[in-house]
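J.:
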Amino acid sequence: MRILIVEDEASIAKFVRQGLSEAGYAVDMASDGEEGLSYALSAEYDVLILDIMLPRMSGLEVIRELRNQGNKTPTLMLTAKDTVDDRVQGLDAGADDYLVKPFAFPELLARVRALLRRPPLQSGSLLQIADLEMDTLTHQVRRGDCLIDLSPREYAILEYLMRHPNQVLTRTQIGEHVWNFDFYNESNVVDVYIGYLRRKLDYDSDYPLIHTVRGMGYRMSMEE
Ligand code: CA
Numbered sequence: 003m004r005i006l007i008v009e010d011e012a013s014i015a016k017f018v019r020q021g022l023s024e025a026g027y028a029v030d031m032a033s034d035g036e037e038g039l040s041y042a043l044s045a046e047y048d049v050l051i052l053d054i055m056l057p058r059m060s061g062l063e064v065i066r067e068l069r070n071q072g073n074k075t076p077t078l079m080l081t082a083k084d085t086v087d088d089r090v091q092g093l094d095a096g097a098d099d100y101l102v103k104p105f106a107f108p109e110l111l112a113r114v115r116a117l118l119r120r121p122p123l124q125s126g127s128l129l130q131i132a133d134l135e136m137d138t139l140t141h142q143v144r145r146g147d148c149l150i151d152l153s154p155r156e157y158a159i160l161e162y163l164m165r166h167p168n169q170v171l172t173r174t175q176i177g178e179h180v181w182n183f184d185f186y187n188e189s190n191v192v193d194v195y196i197g198y199l200r201r202k203l204d205y206d207s208d209y210p211l212i213h214t215v216r217g218m219g220y221r222m223s224m225e226e
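So the sequence shown is residues 3 to 226, counted in this note's numbering.
1) Under DSSP, the alpha helix (DSSP H) around H2 begins and ends at which residues?
2) Taking DSSP as the reference, what is the three-state secondary structure of Y157?
3) Please list, in chain order, all residues of the same chain as S13 whose beta carbon is under 7 Å from its beta carbon, the five residues on each side excluded.
4) DSSP beta-bridge partners for Q130?
5) At 4 residues or longer, what runs of the alpha helix (DSSP H) sit wholly inside the stretch 33–63?
6) Going along the chain, which residues of its own chain have a beta-carbon closer than 7 Å to the beta-carbon of L152, five neighbours each way excluded?
7) Is it the case that the Cβ atoms of I5 and V64 are separated by a distance below 8 Å?
8) Return yes when the Cβ of R69 is within less than 8 Å of the Cβ of T140, no when it is not.
9) What residue does the alpha helix (DSSP H) around L110 start on, and which one ends it?
10) From the DSSP secondary-structure annotation, give me the bridge partner or partners of R145.
11) Please tell me whether K103 and L128 are closer than 8 Å, where the distance is taken between their beta carbons.
12) Can you pull the DSSP bridge partners for M31?
13) Which class does Y220 belong to by DSSP, given the choice of helix, strand or coil?
14) Would you mind giving the Cβ-Cβ distance between R221 and V180, rounded to the nearest angstrom? I have them listed as a contact below 8 Å.
15) Reducing DSSP to helix, strand and coil, say where Y162 ends up.
16) So the candidates are V86, Y162, A116 and Y27; which of them puts its Cα closest to the Cα of L78?
17) Which residues have their C-beta within less than 5 Å of a heavy atom of ligand 1, listed in chain order?
18) Measuring straight from C-alpha to C-alpha, what distance separates E9 and V191?
19) According to DSSP, is D94 part of a helix, a strand, or is it coil?
20) Which first and last residues belong to the alpha helix (DSSP H) in which D193 is found?
21) How many angstroms separate the CA atom of S125 from the CA atom of P76?
If you want it as structure tokens, here you go:
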């Protein structure tokens, strides 16, 4: 198993590298964000250990860029202070776990082992139906090669549909999932938004993915 450590504090990097090497892992080290990104993109690592505060490019920018490029290497972020903001930002940017400094080496090792146990595809954030892809971390939506720009509301509806492929979802179900208590059942707002989505997703395509089920609601699938 091959691990990349991106850490600018030499003492921490050295101690982590030594511990992981002794535990039988192959370890590479990078000491700034740009170098880390270029290493992470040029080799297949099984785990990435990424400090947040780094010179030249922060750990958050590195993980965002990796995920944008489709790289799914399980990633443990190291945060200097235990603030909710740091943790939330790290996880939102695509990290799989985090560890607050200072940490005990056995805990780092346990977290690395836990990341290695995950099946690689499960740690990804990609929803897919036919050639439509949604990355729930970066909020990017593509159909084929085309990047699709969605409003937050359109995105929320599409995510709900994509998480329930091939199922008929009623207007009420869709409305309540996306508008919560503000949803007003009598309005045609769901149909309006489905119309927006169709224009953006299905308009130029050979086969539509959003289907109307008469008298019931909508269904997302490849088949008519
Ligand atoms: Ca640092």
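Glycine included, every Cβ here is placed at the ideal spot set by N, Cα and C.
T.: Inspection of the coordinates gives the following:
1) Because the chain here runs from 3 to 226, residue 2 falls outside it and cannot be looked at.
2) As a working mapping, residue 157 is identified with position 155 in the sequence shown. It is helical.
3) The residue you call residue 13 lines up with position 11 of the sequence shown. Nothing listed; no residue qualifies.
4) The residue given as residue 130 occupies position 128 in the sequence shown. Per DSSP, E135.
5) 35–44
6) Within the sequence shown, numbered from 1, the residue matching residue 152 stands at position 150. Cβ neighbours of L152 beyond the five flanking positions: V143, L160 and K202.
7) For this step, residue 5 is matched to residue 3 along the sequence shown. For this step, residue 64 is matched to residue 62 along the sequence shown. No.
8) Taking the sequence shown and counting its residues from 1, the one referred to as residue 140 is at position 138. Taking the sequence shown and counting its residues from 1, the one referred to as residue 69 is at position 67. Closer than 8 Å, so yes.
9) By one-based count along the sequence shown, residue 110 stands at place 108. L110 -> alpha helix (DSSP H) spans F107 to R119.
10) Here residue 145 refers to the residue found at position 143 of the sequence shown. L134 and C148, per the DSSP bridge assignment.
11) Counting from one through the sequence shown, the residue named residue 103 turns up at place 101. Counting from one through the sequence shown, the residue named residue 128 turns up at place 126. Result no, Cβ atoms of K103 and L128 do not sit closer than 8 Å.
12) Sequence index remark: in the sequence shown, residue 31 carries index 29 (1-based). Per DSSP, I7.
13) Translated into positions along the sequence shown, residue 220 becomes position 218. When DSSP states are grouped into helix, strand and coil, Y220 belongs to the strand group.
14) As a position in the sequence shown, residue 221 is number 219, starting the count at 1. As a position in the sequence shown, residue 180 is number 178, starting the count at 1. Actually they do not touch by this definition, with Cβ atoms about 16 Å apart.
15) Position 160 of the sequence shown holds residue 162. In this structure, Y162 counts as helix in the three-state DSSP scheme.
16) The sequence position of residue 78 within the sequence shown is 76, counting from 1. Looking at the Cα atoms, A116 is the closest of the given residues.
17) D10, D53 and M55
18) Within the sequence shown, numbered from 1, the residue matching residue 9 stands at position 7. Within the sequence shown, numbered from 1, the residue matching residue 191 stands at position 189. Here the C-alpha atom of E9 lies approximately 49 Å from the C-alpha atom of V191.
19) Here residue 94 refers to the residue found at position 92 when the sequence shown is read from its first residue. Per DSSP, reduced to three states, the secondary structure at D94 is helical.
20) Taking the sequence shown and counting its residues from 1, the one referred to as residue 193 is at position 191. Run containing D193: V191 to L203, per the alpha helix (DSSP H) assignment.
21) On the sequence shown, position 123 is the one that residue 125 refers to. On the sequence shown, position 74 is the one that residue 76 refers to. For S125, the predicted model reports a pLDDT of 43, less than 50, meaning its position is unreliable; a value from the coordinates is still stated below. So the alpha carbons of these two residues sit roughly 7 Å apart.
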